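Input: a single structure, listed below in structure tokens.
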Amino acid sequence: MSGKWLRSGLRRDVCVVVASEGEPTAQECKAAVESRYDDRIDPKTFYGVLDALTDAGHLEKTVDGLHDRYELTVAGERALRDHYAWVRDRLDG
């Protein structure tokens with residue numbers, strides 16, 4: 004698992020949204036995370052997170068007309084599930 008992925012709660016939250024929403028657009032993903040925390044995310048920061056996750060192989064980007072859509076890769080799903088298992092074990096322990 005990539006250490007960089009672990010350093011950012013925003014990266015994990017984006018992966019959770021992508022996993023739960025299917026293939027959301029970047030804007031749908033941003034809106035879902037902002038709604039979760041009831042706070043605005045700077046667009047430069049948010050799109051930097053999408054780029055970092057894509058570059059690291061955790062997300063795959065496809066172009067759909069004017070929008071970029073994202074889905075988890077196998078590596079991204081594995082990292083997310085590993086993190087979920089770790090949190091569950093820590094909270095149940």
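Residue numbers (my numbering): 4 to 96.
Idealized CB from N, CA, C, for every residue including glycine.
Computed from a predicted structure; not experimentally measured.
Around the beta carbon of Val77, fewer than 16 other beta carbons lie within 10 angstroms, which makes this residue exposed. Closest option to Arg39, judged by alpha-carbon separation, among Val66, Asp71, Thr48 and Leu13: Leu13. Excluding its 5 nearest sequence neighbours in each direction, Gly25 has C-beta neighbours in its own chain below 8 Å: Glu74, listed in chain order. Glu24 carries a helical assignment under DSSP once its states are collapsed to helix, strand and coil. Contact check between the segment 84-92 and the segment 37-53: fewer than three CB pairs, one atom from each, fall below 8 Å, which does not count as touching.
Around the beta-carbon of Gly68, fewer than 16 other beta-carbon atoms lie within 10 Å, marking it exposed. Arg72: not part of any alpha helix (DSSP H); member of the beta strand (DSSP E) spanning His70 to Leu75, first to last residue.
In this structure, the alpha-carbon of Leu56 lies about 11 Å from that of Ser11.
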